[in-house]
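Visitor: Just so we're aligned, residue 634 is where the sequence shown starts under this note's numbering, counting upward by one.
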Amino acid sequence: MDVRRVQPERAVGMAARLRHDRFRFRRRSPGRMGRMNDLAAKLRADLAATIGGSAGWRRTVEAVPRELFVGDALYRDDAEGWTPICRSEMTRTEWLTLVYADTTWVTQVAGVMAEDAAPGPVPIKRPTSSSTLPSLVVRMLEASEISEGDKVLEVGTGTGYSTALMCHRLGASAITSLECDAVVADRAKTALTIAGYLPTLIEGDGLNGHPRNAPYDRLIATCAVRTIPRAWVEQVRPGGTITTPMLGWTGGAAFAHLQVAEDGTAAGRFLTHNVYFMPARPHAAPPLDTVELGVGDVSYTRVDPSLLNDDEALFVAQLAVPQAQHAWAGNVLTLDDPGSGSHADVRPADTGRWLVHQHGPVRLWDDAEQALTAWLDTGKPHQSAFMLTVTPERQWVSLDASGRDNLQWDLPT
634 MDVRRVQPER
644 AVGMAARLRH
654 DRFRFRRRSP
664 GRMGRMNDLA
674 AKLRADLAAT
684 IGGSAGWRRT
694 VEAVPRELFV
704 GDALYRDDAE
714 GWTPICRSEM
724 TRTEWLTLVY
734 ADTTWVTQVA
744 GVMAEDAAPG
754 PVPIKRPTSS
764 STLPSLVVRM
774 LEASEISEGD
784 KVLEVGTGTG
794 YSTALMCHRL
804 GASAITSLEC
814 DAVVADRAKT
824 ALTIAGYLPT
834 LIEGDGLNGH
844 PRNAPYDRLI
854 ATCAVRTIPR
864 AWVEQVRPGG
874 TITTPMLGWT
884 GGAAFAHLQV
894 AEDGTAAGRF
904 LTHNVYFMPA
914 RPHAAPPLDT
924 VELGVGDVSY
934 TRVDPSLLND
944 DEALFVAQLA
954 VPQAQHAWAG
964 NVLTLDDPGS
974 GSHADVRPAD
984 TGRWLVHQHG
994 PVRLWDDAEQ
1004 ALTAWLDTGK
1014 PHQSAFMLTV
1024 TPERQWVSLD
1034 ASGRDNLQWD
1044 LPT
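(1) CA-CA distance, GLN892 and PRO919?
(2) So, is SER953 buried or exposed, given that buried needs 16 or more other C-beta atoms within 10 angstroms?
(3) Here's the rule I'm using: 16 or more other beta-carbon atoms within 10 Å means buried, otherwise exposed. How should LYS822 be labelled?
(4) Starting from ILE808, trace the beta strand (DSSP E) in both directions and tell me its first and last residue.
(5) Considering only C-alpha positions, which residue in the set VAL817, TYR794, VAL816, ILE779 is nearest to ALA807?
(6) Count the other CB atoms within 10 Å of the CB of SER762; is the residue buried (16 or more) or exposed (fewer)?
(7) Look up TRP998 in the DSSP assignment and say whether it is helix, strand or coil.
(8) Ends of the beta strand (DSSP E) at GLN892?
(9) Hey, out of ALA886, ILE757, SER810, PHE702, whose CA is closest to ALA712's CA?
(10) Whole angstroms are fine: how far does the CA of LEU729 sit from the CA of TRP1029?
(11) For LEU1044, which residues in the same chain have their Cβ closer than 6 Å to its Cβ, ignoring the five residues on either side in sequence?
(12) Indicate whether LEU852 and THR874 have their beta-carbon atoms separated by less than 9 Å.
(13) Taking DSSP's pairing of strands, which residues face PHE903 in a bridge?
(14) Would you report the Cα separation of ARG870 and GLN1016, rounded to the nearest angstrom?
(15) Residues bridged to GLY714 by DSSP?
(16) What are the residues that DSSP puts in a beta bridge with SER975?
(17) In this structure, does DSSP put GLU1026 in helix, strand or coil?
(18) Exposed or buried, ALA751, counting other C-beta atoms within 10 Å across all chains shown (16 or more means buried)?
(19) Please say whether VAL697 and ARG677 have beta carbons closer to each other than 9 Å?
(20) At the level of alpha carbons, what is the spacing between LEU904 and GLY963?
(21) Quick one: is GLY881 buried, meaning 16 or more other Cβ sit within 10 Å of its Cβ, or exposed?
(22) Under 7 Å Cβ to Cβ from GLY592, same chain only, skipping five residues before and after it: list those, please.
(23) Since PRO955 and VAL908 are thought to touch, with beta carbons under 8 Å apart, how far apart are those beta carbons, to the nearest angstrom?
(24) Using the Cα positions of ASP922 and VAL989, report the straight-line distance between them to the nearest angstrom.
(25) Are the CB atoms of VAL732 and ARG699 within a distance shorter than 9 Å?
(26) Considering TRP865, what are the terminal residues of the alpha helix (DSSP H) in which it resides?
(27) Could you compute how far the alpha carbon of TRP1042 sits from the alpha carbon of THR765?
(28) My guess is that GLY714 and VAL755 are in contact by the Cβ rule of under 8 Å, so how many angstroms apart are they, rounded?
(29) Mapping the DSSP letters down to three states, classify THR826 as helix, strand or coil.
(30) For GLY927 and LEU1021, which I take to be in contact (beta-carbon distance under 8 Å), what is that distance rounded to the nearest angstrom?
(31) Would you kindly report the start and end of the unbroken alpha helix (DSSP H) that includes THR730?
(32) Is it the case that the Cβ atoms of THR589 and LEU798 are separated by a distance below 9 Å?
(33) Near MET666, what residues of its chain come up, given a Cβ to Cβ distance below 7 Å and the 5 sequence neighbours on each side ignored?
(34) Could you pull out every residue in the same chain whose Cβ sits closer than 7 Å to the Cβ of VAL949, ignoring the five residues on either side in sequence?
(35) For ASP749, which option in LEU966, THR726, LEU707 has the closest C-alpha, if you only look at C-alpha atoms?
(36) With a threshold of 7 Å on Cβ separation, who are the neighbours of PRO641 within its own chain once the five nearest residues in sequence on each side are excluded?
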């Protein structure tokens, strides 16, 4: 039968355009404006206390006005889709309270800004821009080991909020930030200028870096990649670091922190918290189509496919089948590799067994099952036990403590 699959959706992301009138506030009395400024300052202080982190980053969060970077409207995820909510529909107190929640707010869906969206929910589509929750931004910045005097390349300016945090902490002259979307870049530039920060902002493909200002001490990406672009390694000085979220087509996410070596290689671990960021556009998975289930060679497995609902297991399975996408059709797991035309689906059979159908040159479930079995046999190690190594010729992930060939996988290049 033909079944349309449902991929797991995760709200993540970056940002979009500033109209010139977006910061024209209604005229208010000096007393009222003072109270509103006091409220914003209090909410920033509360947010900084909530997210914790080092004293330096807490002070930075207290100083940077997130409301400048969020915009005039947001999308709220509900049962019917993404529904725009506007600043004009609530009091300033209500709006500021919303803005300073430690939440990722989606600002653009399928290229449409929330402030430009028609009333009512937008049919379910992937977000294309968001303001990431501040606690995650701070964790990322702390993980990058940024310190005063560092020169930083940020890949993915987005709303400009994380850019502003770095500008406040290091000085704007230390920051170069790349954004591939012209609308997003324009909005961020306006917000940063109003906030008083003037970093180097470049509209271009972040995967290519910005060699003119290289070498950098730190490279931080706010979009997820499948593999580490060669340009990133080449533009970071030996001893410098690359900190980036990673997201494969299967949906497995990780957070890599690498150190660049003198020989042009880079290596490091995945950090203890996996995070979901919007994929870099050239690394995004192609859309899923309908598929015919129950076709191909038949076998049985004792590995429960619902394991892939666990983030750690999904990360491991993805290493084995990096070109595949996974989805669910009811209680049937599907794996598809559009490039090779390979497919697998796995469904309950009888007690302790699942029925597998596979066709195509790549036996997707067999490969995923082998990786999952090795991972289970090793005690289900966390992502932080895995290492990523990047050379000019190849990139691979390994479980460094095992030394076993079946716990080492090449990434697609």
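All residues carry an ideal CB built from backbone N, CA and C; glycine is no exception.
Guide: Once the coordinates are examined:
(1) Sequence index remark: in the sequence shown, residue 892 carries index 259 (1-based). Sequence index remark: in the sequence shown, residue 919 carries index 286 (1-based). Spanning the two alpha carbons is a distance of roughly 31 Å.
(2) For the purposes of this step, residue 953 is taken as residue 320 along the sequence shown, with counting starting at 1. Reading off the sequence shown, one finds Ala at residue 953, where the question assumed Ser. That one is buried.
(3) Taking the sequence shown and counting its residues from 1, one reaches residue 822 at position 189. When all chains shown are included, LYS822 counts as buried.
(4) In the sequence shown, counting from the first residue as 1, residue 808 sits at position 175. That run of the beta strand (DSSP E) goes 808-812.
(5) Stepping through the sequence shown from its first residue, residue 807 is reached at position 174. The option with the nearest alpha carbon to ALA807 is ILE779.
(6) Translated into the one-based positions of the sequence shown, residue 762 becomes position 129. Buried is the call here.
(7) On the sequence shown, position 365 is the one that residue 998 refers to. TRP998 carries a helical assignment under DSSP once its states are collapsed to helix, strand and coil.
(8) Taking the first residue of the sequence shown as position 1, residue 892 is located at position 259. Residues 886-893.
(9) Along the sequence shown, read from residue 1 onward, the residue named residue 712 stands at position 79. It is ILE757 whose Cα lies nearest to the Cα of ALA712.
(10) Position 396 of the sequence shown, counted from the start, is the residue given in the question as residue 1029. Position 96 of the sequence shown, counted from the start, is the residue given in the question as residue 729. Rounded to the nearest angstrom, the two C-alpha atoms are 45 Å apart.
(11) As a first step, residue 1044 is located in the sequence shown; it is residue number 411 there, counting from the start. For LEU1044, where only same-chain residues beyond five positions count, the Cβ hits under 6 Å are THR860, GLN1028.
(12) To locate residue 852, count along the sequence shown from 1; it is residue 219. To locate residue 874, count along the sequence shown from 1; it is residue 241. Result yes, Cβ atoms of LEU852 and THR874 sit closer than 9 Å.
(13) Taking the sequence shown and counting its residues from 1, one reaches residue 903 at position 270. Bridge partners of PHE903: ALA889.
(14) For this step, residue 870 is matched to residue 237 along the sequence shown. For this step, residue 1016 is matched to residue 383 along the sequence shown. Looking at the two C-alpha atoms, the distance is approximately 26 Å.
(15) Taking the sequence shown and counting its residues from 1, the one referred to as residue 714 is at position 81. DSSP lists ASP711 as partners of GLY714.
(16) Indexing the sequence shown from 1 puts residue 975 at position 342. Paired residue(s): ASP970.
(17) As a position in the sequence shown, residue 1026 is number 393, starting the count at 1. Note: GLU1026 maps to coil in three-state DSSP.
(18) Taking the first residue of the sequence shown as position 1, residue 751 is located at position 118. Under this definition ALA751 is an exposed residue.
(19) Here residue 677 is taken as the residue at index 44 of the sequence shown, counted from 1. Here residue 697 is taken as the residue at index 64 of the sequence shown, counted from 1. Result yes, Cβ atoms of ARG677 and VAL697 sit closer than 9 Å.
(20) Along the sequence shown, read from residue 1 onward, the residue named residue 904 stands at position 271. Along the sequence shown, read from residue 1 onward, the residue named residue 963 stands at position 330. Going from the Cα of LEU904 to the Cα of GLY963 covers about 33 Å.
(21) Your numbering for residue 881 matches position 248 in the sequence shown. With 16 or more Cβ atoms within 10 Å of its Cβ, GLY881 is classed as buried.
(22) Residue 592 lies beyond the stretch modelled for the chain, which goes from 634 to 1046, so this question has no answer here.
(23) Walking along the sequence shown from the start, residue 955 turns up at place 322. Walking along the sequence shown from the start, residue 908 turns up at place 275. Between VAL908 and PRO955 the Cβ distance is about 19 Å, and since that is not below 8 Å, they are no contact.
(24) As a first step, residue 922 is located in the sequence shown; it is residue number 289 there, counting from the start. As a first step, residue 989 is located in the sequence shown; it is residue number 356 there, counting from the start. So the alpha carbons of these two residues sit roughly 20 Å apart.
(25) Residue numbering aside, residue 699 sits at position 66 when the sequence shown is read from its first letter. Residue numbering aside, residue 732 sits at position 99 when the sequence shown is read from its first letter. Taking 9 Å as the Cβ cut-off, ARG699 and VAL732 qualify as a contacting pair.
(26) Position 232 of the sequence shown, counted from the first residue, corresponds to residue 865. From DSSP, the alpha helix (DSSP H) with TRP865 extends over 863-868.
(27) For the purposes of this step, residue 1042 is identified with residue 409 of the sequence shown, where counting begins at 1. For the purposes of this step, residue 765 is identified with residue 132 of the sequence shown, where counting begins at 1. Looking at the two C-alpha atoms, the distance is approximately 31 Å.
(28) Your numbering for residue 714 matches position 81 in the sequence shown. Your numbering for residue 755 matches position 122 in the sequence shown. Confirmed, Cβ separation roughly 5 Å.
(29) As a first step, residue 826 is located in the sequence shown; it is residue number 193 there, counting from the start. Three-state DSSP puts THR826 in a helix.
(30) The residue labelled residue 927 in the question sits at position 294 within the sequence shown. The residue labelled residue 1021 in the question sits at position 388 within the sequence shown. Between GLY927 and LEU1021 the beta-carbon gap is near 37 Å, outside 8 Å, which marks them as no contact.
(31) The sequence position of residue 730 within the sequence shown is 97, counting from 1. Unbroken alpha helix (DSSP H) run through THR730: 725-732.
(32) Summary: the structure shown does not reach residue 589, with the chain confined to residues 634 through 1046, and so no result is reported for it.
(33) Here residue 666 refers to the residue found at position 33 of the sequence shown. In this prediction, MET666 has a pLDDT of 45, which is less than 50 and means its spatial position is unreliable; nothing more can be read from the coordinates.
(34) The residue you call residue 949 lines up with position 316 of the sequence shown. Correct list, in chain order: ALA1004, LEU1005, TRP1008.
(35) Here residue 749 refers to the residue found at position 116 of the sequence shown. Comparing Cα-Cα distances from ASP749 to each of LEU966, THR726, LEU707, the minimum goes to LEU707.
(36) By one-based count along the sequence shown, residue 641 stands at place 8. The predicted position of PRO641 is uncertain, since its pLDDT is 44 and thus under 50; no value can be drawn from it.
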